[in-house]
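Some notes on the structure that comes next.
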Amino acid sequence: MIQYYESIFYNTLEELLATWKPNHPDVLRLKAKYGEGIQFSTIAHRSGVKPQFELSCYKLKKLKGA
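Counting from 19, one number per residue, gives the positions in the sequence shown under my numbering.
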């Protein structure tokens, strides 16, 4: 099961790609807020949608009994 926490939106691909650098302030803030073990995904939305680039954080949780 995926437990979604939060997304941050960026206007350019360069801003989104910068989140993969060590010690990026947005990533550090999300790790501090939700703890270690969160995972990140990046999404580029179709053109015409603003803001177009999204960084999402989530945790994978095991279902009870699984």
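All C-beta atoms, glycine included, are put in the ideal place defined by N, C-alpha and C.
Judged by DSSP secondary structure, residue 32 falls within the alpha helix (DSSP H) whose first and last residues are 31-35.
Taking every protein chain shown into account, the CB of residue 81 has fewer than 16 other CB atoms within 10 angstroms, so this residue is exposed. Sequence-distant partners of residue 79 (beyond 5 residues in either direction) whose C-beta falls short of 7 Å from its own C-beta, in its chain, are 19, 21. Residue 72 sits close to residue 61, with the two beta carbons spaced by under 7 Å.
Residue 35 is not a Cβ neighbour of residue 28, given a cutoff of 7 Å.
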